Structures are given as C-alpha cells and as structure tokens.
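Some notes on the structure that comes next.
Numbering (my numbering), first residue to last: 3 to 632.
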C-alpha cells in the first residue's frame, strides 16, 4: 500500500501551479501573439487571481481549524495526508473513494520536525548533486563531508548508480579519473554488476546504461579494462581471457557509434565487423555466427543511457497536459504558438481517463490527517512571492471592483497566515504592500480601491493585532496619515499651533490663522503649505508632510484632492478609534510591540521640522488608559 506525503506533493506540484497562475494573472507578455480577445484576457487574469486567493484562503482555514481560531473558522474540515516514507511520491494516486482516512496521534507531533529534516537533507543533497554536475570530485567531497554519502568507495559507487539528477557525462568522467579514490570507486562500481550467464551484448548494454563514456581514450581504456575483467570473472568459460572481452567491448562501442550516428555516411557492414575481430581470442577467431548475432543486436537496438526518472516524469506530465488541453492554456499565457491541431482530443481524453481508472483499480492510498500547523510554513515559503506579485500587479493595474476586491482579500488572508505562522519577512512584505496601496501618501491620486486598502489595513490591525509585531509600524503610520488628511479636510487647526516656535513669520502666520476653512467647501484653503504637500504627494513616511512644499498646485489636483477627501468619509472615526480601544485585548507580547511602534511613529511626528503632530502622542495616553487594568 502506497503512503502519500501531501506537503511534498504540494511543494512539487502545486508550487508549479501557483507559478502558472502568476503568469496567467500577469497576462500575455508585451509583443507576444495571442488568440485571446482583450475581454477574454482580462477574464482569464481575474480568474487566475481568484484561484490564488482560494489557495491562500484554504491555507488559512485549515490553519484556523487546527488552532481553533474562531474569527476565520472554516465551515468544513480539511485533511492533509502525511507519511513517514519520503520516497512515497513515486506511488500512484487512487480515487477519492479508495482513500483510507487515518490519523495517528503519535505521529502528529513529529510531522513538522520530520518534514524539516527531510527538507534540509534534500537541500544539501541537491547542492552536492549540483556541485557534482559541475566538478565531480568537489561534489563527492562535499557529499561525504556533509554525511549525505558514506566515505567508502562502495557507498559512493552505489550513490552514482542510484541517485537521480546526476549528469551522466560527469559520472563517466569521474569513473575514468586516474586518482586513487575515483579509481577505487570505479572498481567498486563495476564490481557491483552481476553479469552471470548474461550475453556479452546485453552485459555491455546493461553496464553502459548508467553513464556516458568519457571523451578521453585513457579514461575509456580504464573503464573497459575493468568491465572486461568483471565480465570474465562472472563468466569464466566464455572467453579465453579478459583481453578478448576488452577488445570486443571496444569493437561493440565503435559499432554502436558507427551504426547510430547520422554523421557517419559509410556504415560498417557485418563482414567488416567480423574481420575487425579476427584472432582476438588468444589468436583464435570467435564464431562468425556469434559475431554476426552481436552485430545485428547492436545495429537494431542502440545502446542508450537510462533516462533520468525526473525527465520521464516531465515527459509524462507534458503528455497528460496535452491530453487535458493544459498545454494550450500555458501556450496562451507564455505567448507560444503551436501548429498542432487537437484532432479527436475528446476521444483521447476519455480513453486516457479510462486507462487511469483501470490502472488504479483495486489500489488504495493511506492518508494521514495532519494537525501540526508548522507544516504550513513550507507551503507558504514556496507560494508567497508569486502571490504577492500577482496581487500587487493586478491591484496596481486594474480599477475593476471585483478584481481589486479579490486582490485585497488575497492580501488579507496572506497577512493572516504569515502573521499567525510568525513568518516575519513574508508578513511584512504583504503588510507593506497593502500600506502602499492605500495611497494616503499621495491623496490626489486616490481611487476607490485605495480606500478599500485602508479598510483592509484597519481589518488587519483589529483581527491580527496579536501577530503583527514590527509590522505595527506600517499600520500605525497609515493611520496617522489618514487622521492627518481628515483634519485637513475639516479645516482643523494644525498641530503645530500647540508648539512654541521662535518669533518669525511662521509664528505670526499661526497667530493670524489659528485654523483653516474646510477644504471640502473652499479650495482656497489649499494655500496652506501642509495641504499643498498633501496634494502633490510626499514620501511613504507621513512625517515628511510639510517638507519641500515649493511649487504650484493645479486646479485639477485640487479638485481630485477634495473629491478624494470625500471618499475617505467612508471610514469613520469609530473604525479608527476602535483599533486603539481594542488594544486591551492584545496579549502581553503584542501590546509591547504595539506601544513600541506607536512611540516610534509618535517620535517621527514630533520631529517633523515644519509640521509636527501629536496624533500618536495622544494615542499613547489613550492606550495607557485602556490598559490600566493589565
């Protein structure tokens, strides 16, 4: 019975799916031909984003179910299979009805730790294989030092025979090396073959299927000499001496190259082959019938290396994609064109599915219900970057309400998963992206999707505050900026009026103008320097408002700014204040991170040289009041 390990399946298969969805979401590359109409292209891109949102949402639902978090509790249970056999990926999948659902409490605790060990092992192993494919001796040295391979020649030889991903040419090059250790490995490699009662042609075919002979004659000579010795040891009565097998082996290799190389015009005949091998058996001739049979065998069936299993899997996947029509979708995405026409595609698909059902009949899969949420980290690590790119690009380029709403939902679920899983880099990347898409730093260019991004930031602060840690600074900076724009729109006096300033034109101006008329009614109030900076847009950090305010503001910018201030009316003071009132529900670690971030934002506000503000300072006082009973 095959045991399936779902996280490994995810990493190998769904990772490619996520990257494929990313390419689809980004659309056809510029300059590439496509048969899609503009409407079809937009629909396809939006559906790809929707699929990505569904993936991250499912991750969050499964995580919440395991952690019993009520806010995001899923409606139906999710099952992740696991196994203690990391080679089980080679098994075939059965139908859903055949799956045997199983859960072992004893294995739950070790699921994530086991997966982490396997993942680390695989990363180091792949590093060694990659190094071997460039410099074989260095690769073997690395694998031995990292204890991925035992240091004996026999173990290294076994690794060269069985490991996938090794370059066959490099294997042959290493086996032909004259250095002491590679030479011992080559001897152990050849001695691991059993040629008992095996025909010479089949023996040399079996021997050469695992590597490509090196290009240097001396290296070939060492390998073939050892092969001849081994063959004669397994078949002591077949040839008079090992020299016979050595010479015949060379002849077979030459015949194989001559017969199957298209560059060779004058092919070797059977008579030529027989004449070339006269007197090689200690001065005697081998039977002509035997040599003729060997000639026919090589000419009809070329000696080839075994194809790597990963290459076979890729070919099978490509074949299935073609049957299912997935190759057409990927061609549309990448801009590739194909001249093949799907003749009888439905019949092929039906026949293929029927064959799969027959092949899997009577087979069952053993599934384990995984409850260790640490496994989710590995899934997020391979998916977060494509998701971030897809959500960001779509949100930036599209103004369609449905599309932008999907992207913000994706951001929301991604922040939730990465925050709860304590994945700081990924969490901060998603939070920072949402914060920038609020466009509060450039209010004149705001649209409805940017206001929705502000709502998403508020939702993140309220629902995932216990897990934001350093990301609180991005959230609180946006809230400070939002409150500043509200004050500008209402015509409230600037916070700078509360600060003593040296006697200057600024003080005189402040005394003469304790407040500004409401911007939503009087555009001339935009002569205020802070307002002008807000219209033109400042940096991401809201504390730079009021700096570099030279320059004129166009009437169109003024109009857009006033209109966008009206958009912000969708968010009331209640939502803003609720974040701070809700701080009393933060746990002991979260409240410390929250206050630290608030103090940092407050310090930046107070240090502004031209427009100091006290918003965050007042919130520090409020926070102290709300959390008095801790």
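Note that the Cβ used here is the ideal one computed from N, Cα and C, for glycine as well. Given the structure is predicted, the values throughout are model-derived calculations rather than measurements.
>> My assumption, with CB atoms under 8 Å, is that residue 2 sits in contact with residue 46. Please give the rounded CB distance.
In response: Summary: the structure shown does not reach residue 2, with the chain confined to residues 3 through 632, and so no result is reported for it.
> Identify the residues that DSSP records as bridge partners of residue 283: which are they?
Replying inline: 286
> Could you check where the alpha helix (DSSP H) with residue 203 kicks off and where it finishes?
Replying inline: First-last of the alpha helix (DSSP H) with residue 203: 202-210.
> Pick from 627, 406 and 459: whose alpha carbon is nearest that of residue 449?
Replying inline: 406
> In this structure, does DSSP put residue 672 in helix, strand or coil?
Replying inline: The requested residue 672 is not part of the displayed model; the chain covers only 3 to 632.
> Smallest Cα separation from residue 411: which of 590, 55 and 39?
Replying inline: 55
>> Here's the rule: buried if 16 or more other CB atoms are within 10 angstroms of the residue's CB, otherwise exposed. What is residue 164?
In response: exposed
>> By alpha-carbon positions, which one of 277, 426 and 257 ends up nearest to residue 383?
In response: 426
>> What does the alpha-carbon distance come out to for the pair residue 625 and residue 485?
In response: 17 Å
>> My assumption, with CB atoms under 8 Å, is that residue 229 sits in contact with residue 203. Please give the rounded CB distance.
In response: So it is not a contact: roughly 13 Å between Cβ atoms.
>> Tell me the DSSP secondary structure of residue 660 in three-state form.
In response: A question about residue 660 goes unanswered here, because the residues of the chain that appear run from 3 up to 632.
>> Rounded to whole angstroms, what is the Cα-Cα separation between residue 116 and residue 377?
In response: Taking the straight line joining both Cα atoms gives about 10 Å.
> Below 8 Å between beta carbons: does that hold for residue 190 and residue 218?
Replying inline: no
> Along the chain, where does the alpha helix (DSSP H) that runs through residue 379 open and close?
Replying inline: 377-399
>> Rounded to the nearest angstrom, what separates residue 148 and residue 27 at their Cα positions?
In response: One C-alpha to the other measures close to 41 Å.
>> In this structure, how does DSSP classify residue 610 when only helix, strand and coil are distinguished?
In response: coil
> Could you check where the alpha helix (DSSP H) with residue 575 kicks off and where it finishes?
Replying inline: That run of the alpha helix (DSSP H) goes 575-583.
> Candidates 231, 289, 206 and 286: which alpha carbon is nearest residue 256's?
Replying inline: 206
>> Rounded to the nearest angstrom, what separates residue 333 and residue 416 at their Cα positions?
In response: Here residue 333 scores only 47 on pLDDT, less than 50, and its place in the model is too uncertain to base an answer on.
> Quick one: is residue 451 buried, meaning 16 or more other Cβ sit within 10 Å of its Cβ, or exposed?
Replying inline: buried
> Near residue 460, what residues of its chain come up, given a Cβ to Cβ distance below 6 Å and the 5 sequence neighbours on each side ignored?
Replying inline: 577
> Does the stretch 569-587 come close enough to the stretch 606-626 that 3 or more CB-CB pairs lie under 8 Å?
Replying inline: yes
> In its own chain, which residues sit with a C-beta less than 6 Å from the C-beta of residue 414, not counting the 5 before and 5 after it?
Replying inline: Excluding sequence neighbours, residue 414 sits near 458.
> What number of angstroms, rounded off, separates the C-alpha of residue 614 from the C-alpha of residue 409?
Replying inline: Here the C-alpha atom of residue 614 lies approximately 35 Å from the C-alpha atom of residue 409.
> Touch check for the stretch 279-294 and the stretch 238-246: three-plus C-beta pairs under 8 Å?
Replying inline: yes
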